[in-house]
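K.L.:
In full-length UniProt numbering, the protein residues as written are 1 to 570. Before anything else, here's the structure in question.
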Ligand SMILES: Cc1cc2nc3c(=O)[nH]c(=O)nc-3n(C[C@H](O)[C@H](O)[C@H](O)COP(=O)(O)OP(=O)(O)OC[C@H]3O[C@@H](n4cnc5c(N)ncnc54)[C@H](O)[C@@H]3O)c2cc1C
């Protein structure tokens, strides 16, 4: 007997095997992904689609066949800090396992950065670059999360250099970012966090002393420096210790030559021993009269850095949904071929219930992330009205996708039973890697506070509310949701008039409910004949989450519905 996808339904539990003989894994993470393919094909014109489709297909195959081994090897062999050479001379060097370099090469060959920064692509594909670049980053993220950090930082650094340096100066760096030769690649990094301040960036103390028109010397320490050996380091520092808070911060470009072995002015104090994202180096760095060039004007540092953070938060979201997609597929493929109690594990009611929940969470975050990225593209194409909406959405997307990823990857691990816990498989690595997603680029609490600020400033919230209400009104039977959404908006207004302590204390629940309504609106708008297979059950699931009186007895989702919802072509 065969079902929808042709899996054998025969009971093989009499043979003493973990999975039946038909077990197979994906050959291509792009081609198999009906949700991603459907979404991107709708977003792009046919010319753009055929261009990006070819690249995605190539990377999808590479990710499914080569990246796991490299990624696990790089994870087990993290970078090392070398402070002395054979002859006892002081040096400053971070060494990487060849697997890390091979992973970087895959990213360069795939064009994740060159799509966005090659001047020809920038002019031909203007207004679509983020969706194009992020679609490649998504497939890459299904294979490796650690290297995604340097890629993210490089993309952000390129954006800042392109915008704030004179073209002649920025070209020197950017041509190394869109290079097709990994040996010539320059990567970027962003150092904000100090011992005194990660969330509280205004507490930063690193001091910048002016020594020339745009030249400064930096003194002090940065406490978390990821992609520590990056050629392009963007560093926040205080030009005037008398100006407190973020107003006193300026942004500086520091080049790697400062790590000169013979008495350099930068010192790696040590590398952090991390829970995850181990392939990439995170260091503590001391600056001792380090030469730096100011970017923008004195006092503008935090504002400029925020532009980079907005982009890196979207990277964070893409890596969150990519990791979750990968783990969901790992669990799904296993459950399709695992037999317990006389049937395929996929067919047990509780397994279906869990997959329904996880797939819904994934689909909801998928559209939230991609619609936000689409808005960034529109903004870059000159549609300024998206600016204020992005201010509300970006911290929202960052928090939501990161938290879903951590929660759901653990659930996927459990769906694989004992095998999910074994280091030969990819689940433990993805689990460890995902744990940082809610922390770096700003913790969940900071995302709530950022969103609240954005809601009460500008017209971003107003526009999003209008869109969401329009979508809810379009779908029959949504009166209760519309009424409840209005109630949440009323509560949000109240946050503006109560004292700050009460506002912050109550912000989380209101923020999280609002996110779900915005997701509901996006989903309703995206539904068409094909995507109904995954969007419709997700809408149903979201409505259930939002209802005040949940029906606890529901009719079970069928195996066929689950298969359509996961939408994976093996
Ligand atoms: C692996 C890794 C790599 C990193 N790489 C980099 C990097 O390359 N560059 C860089 O600049 N930073 C980096 N970071 C630092 C990271 O961005 C910070 O750790 C993070 O922003 C939190 O700052 P903190 O550690 O100082 O925590 P704190 O700010 O001390 O926060 C502690 C807790 O208090 C909460 N909290 C703080 N203030 C408030 C408030 N006002 N309201 C409510 N809750 C609050 C936070 O949410 C958190 O839960 C990295 C971190 C990690 C783990």
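Beta carbons are placed, not taken as given, at the ideal position from N, Cα and C, and that holds for glycine.
1. Let me check one thing: in DSSP terms, what residues is residue 266 bridge-paired to?
2. Can you have a look at residue 291 and say buried or exposed, based on whether 16 or more other CB atoms are within 10 angstroms of its CB?
3. In the DSSP output, which residue or residues are listed as bridge partners for residue 576?
4. What are the start and end residues of each continuous beta strand (DSSP E) run of 3 or more residues lying completely inside the segment 4-88, in chain order?
5. My understanding is that residue 514 touches residue 546, with C-beta atoms under 8 Å, so please give their C-beta distance in whole angstroms.
6. Check whether the Cβ of residue 225 sits closer than 8 Å to any heavy atom of ligand 1, and report yes or no.
7. Please list the terminal residues of the continuous beta strand (DSSP E) segment that includes residue 91.
8. Which stretch, first to last residue, makes up the alpha helix (DSSP H) that contains residue 351?
9. Taking only the alpha-carbon atoms, compute the straight-line gap between residue 1 and residue 409 and give it to the nearest angstrom.
10. Should residue 281 go down as buried or exposed, given a rule of 16 or more other Cβ atoms within 10 Å for buried?
11. Going by C-alpha to C-alpha distance, which of 146, 110 and 115 sits closest to residue 99?
12. Excluding the 5 residues preceding and the 5 following residue 214 in the sequence, name in chain order all residues of the same chain whose CB lies nearer than 6 Å to its CB.
13. Can you have a look at residue 79 and say buried or exposed, based on whether 16 or more other CB atoms are within 10 angstroms of its CB?
14. Within the same chain, show all residues whose beta-carbon is closer than 7 Å to that of residue 544, passing over the 5 residues directly before and after it, in chain order.
15. Is any heavy atom in ligand 1 found nearer than 8 Å to the beta carbon of residue 334?
16. Nearest to residue 225 by alpha carbon, out of 164, 242 and 153?
17. For residue 188, report the span of its alpha helix (DSSP H) as first-last.
18. Three or more C-beta pairs under 8 Å: does that hold for the segment 313-326 against the segment 236-244?
19. List, from N- to C-terminal side, the beta strand (DSSP E) runs of 3 residues or more that fit wholly inside the segment 426-479.
20. Is it true that the segment 364-371 meets the segment 429-437, where meeting means three or more beta-carbon pairs spaced less than 8 Å apart?
21. Is residue 277 a contact residue of ligand 1, with contact defined as CB to any heavy atom under 8 Å?
22. In whole angstroms, give me the CA-to-CA distance for residue 399 and residue 452.
23. What residues match up with residue 222 in a beta bridge as DSSP calls it?
24. Return the bridge partner residues of residue 254 from the DSSP annotation.
25. Can you tell me where the alpha helix (DSSP H) holding residue 526 begins and where it ends?
26. Since residue 568 sits in a beta bridge, which residues does DSSP pair it with?
27. Can you list, in chain order, the residues of its chain whose CB lies under 6 Å from that of residue 198, leaving out five sequence neighbours each side?
28. Out of 63, 47, 51 and 46, which has the shortest C-alpha to C-alpha gap to residue 28?
29. Is there at least one Cβ from chain C nearer than 9 Å to residue 345's Cβ?
30. Leaving out five residues on either side along the sequence, give the residues of the same chain with a beta carbon under 7 Å from the beta carbon of residue 102.
31. For residue 341, does the count of other Cβ atoms within 10 angstroms reach 16, so buried, or fall short, so exposed?
32. Between which two residues does the alpha helix (DSSP H) holding residue 579 run?
33. Measuring straight from C-alpha to C-alpha, what distance separates residue 488 and residue 477?
34. Do the CB positions of residue 221 and residue 289 come within less than 9 Å of each other?
P.N.:
Short version:
1. For residue 266, the beta-bridge partners assigned by DSSP are 287.
2. Around the beta carbon of residue 291, a 10 Å sphere encloses 16 or more other beta carbons of the protein chains shown; the residue is thus reported as buried.
3. No answer is possible for residue 576: the residues shown for the chain start at 1 and end at 570.
4. Secondary structure in the segment 4-88: the beta strand (DSSP E) runs of 3 residues or longer, each lying completely within the stretch, are 80-84 in chain order.
5. Actually they are not in contact, since the Cβ atoms of residue 514 and residue 546 sit about 11 Å apart, beyond 8 Å.
6. Correct: residue 225 has its Cβ closer than 8 Å to ligand 1.
7. Looking at the DSSP string, the run of the beta strand (DSSP E) that includes residue 91 is 90-95.
8. 349-380 is the span of the alpha helix (DSSP H), which, as asked, contains residue 351.
9. Note on residue 1: pLDDT 43, under 50, position unreliable in the model; no value is reported.
10. Only buried fits residue 281, as 16 or more other CB atoms lie within 10 angstroms of its CB.
11. The shortest Cα separation from residue 99 among 146, 110 and 115 belongs to 146.
12. Around residue 214: 293 and 294.
13. The residue is buried, with at least 16 neighbouring Cβ atoms inside 10 Å.
14. Cβ neighbours of residue 544 beyond the five flanking positions: 550.
15. Taken from the Cβ of residue 334, every heavy atom of ligand 1 lies 8 Å or farther away.
16. Of 164, 242 and 153, the residue nearest in Cα terms is 153.
17. Per DSSP, residue 188 belongs to no alpha helix (DSSP H); it is in the beta strand (DSSP E), 188-191.
18. No: fewer than three Cβ pairs fall under 8 Å.
19. Counting only runs of 3 or more residues that sit fully inside the segment 426-479, no beta strand (DSSP E) segment turns up.
20. By the C-beta criterion, the segment 364-371 is judged not to be in contact with the segment 429-437, since fewer than 3 inter-stretch pairs fall below 8 Å.
21. Residue side-chain check: residue 277 places its Cβ nearer than 8 Å to a non-hydrogen atom of ligand 1.
22. Here the alpha carbon of residue 399 sits roughly 13 Å from the alpha carbon of residue 452.
23. Its beta-bridge partners are 285.
24. Answer by DSSP bridge pairing, in chain order: 233.
25. Counting along the chain, residue 526 sits inside the alpha helix (DSSP H) bounded by residues 500-526.
26. DSSP lists 33 as partners of residue 568.
27. Within the same chain, residue 198 has no close Cβ partners at all.
28. Shortest Cα-Cα distance from residue 28 to any of 63, 47, 51 and 46 involves 63.
29. Looking at the structure shown, chain C is missing, and only one protein chain is on hand.
30. Scanning its chain for C-beta atoms nearer than 7 Å, with the 5 sequence neighbours on each side dropped, one finds around residue 102 the residues 70, in chain order.
31. Its Cβ having fewer than 16 others within 10 Å, residue 341 is exposed.
32. As displayed, the chain neither begins before 1 nor continues past 570, which places residue 579 out of reach and without an answer.
33. Going by the C-alpha atoms only, they are around 19 Å apart.
34. Contact flag unset, no.
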